[in-house]
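To start, the structure itself, in structure tokens.
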Amino acid sequence: MNEEVYRKYKKAGWVAAEALKYGIEQIKEGVSYLEIAETVEKKIKDLGAGLAFPVNIAVNEVAAHFTPRHNDGHIFQKGDVVKLDVGAHVDGYIADTAATTEVENDRYSDLMQASHDALANVIDAVKPNVKLQ
5 MNEEVYRKYK
15 KAGWVAAEAL
25 KYGIEQIKEG
35 VSYLEIAETV
45 EKKIKDLGAG
55 LAFPVNIAVN
65 EVAAHFTPRH
75 NDGHIFQKGD
85 VVKLDVGAHV
95 DGYIADTAAT
105 TEVENDRYSD
115 LMQASHDALA
125 NVIDAVKPNV
135 KLQ
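Be aware that the sequence shown starts at 5, since it is given in the numbering used here, and climbs by one per residue.
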């Protein structure tokens, strides 16, 4: 990969990560799904990237890929488990990232921490020329 492509992927990744972090911080009881989606999408654009796909918000039993519509009335409730999935692109070079949080609750904090730790271990283990079995 040439340096220009690398820089575009890196910027897309940085923008997606910043937008994800910002979005997770905004998820609170009483806030609408649509408000979060619009806020995160604006953040992506403000940081100089485009949307790779609409912001996805999966709550509780919804596994993935729910995007609120323009007239969506859903609001976050205390105890909701929320996955926020964000994608940004720079000139078509896409970064995609997601995180899970709970709304004003910690019922699943051990499970979420275990998932986070597992991801960190995999990222640490996967390096160039490392063979996976």
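Beta carbons: idealized from backbone N, C-alpha and C, even for Gly.
- With three or more CB-CB distances shorter than 8 Å, the segment 91-98 counts as touching the segment 44-53.
- DSSP places alanine 67 in the coil class of the three-state scheme, outside both helix and strand.
- Residue pairing by DSSP leaves threonine 43 without any beta bridge partner.
- For isoleucine 31, the three-state secondary structure derived from DSSP is coil.
- DSSP, reduced to helix, strand and coil, places glycine 96 outside both helices and strands of the structure shown, so it counts as coil.
- Burial check for asparagine 60: the Cβ neighbour count within 10 Å reaches 16 or more, so the residue is buried.
- Alanine 118 is classed as exposed because its beta carbon has fewer than 16 other beta carbons within 10 Å across all chains shown.
- With 16 or more neighbouring CB atoms inside 10 Å of its own CB, leucine 88 falls in the buried class.
- Cβ neighbours of alanine 21 within its own chain (closer than 7 Å, five residues either side excluded): Thr101.
- Here DSSP, grouped into helix, strand and coil, assigns valine 19 to helix.
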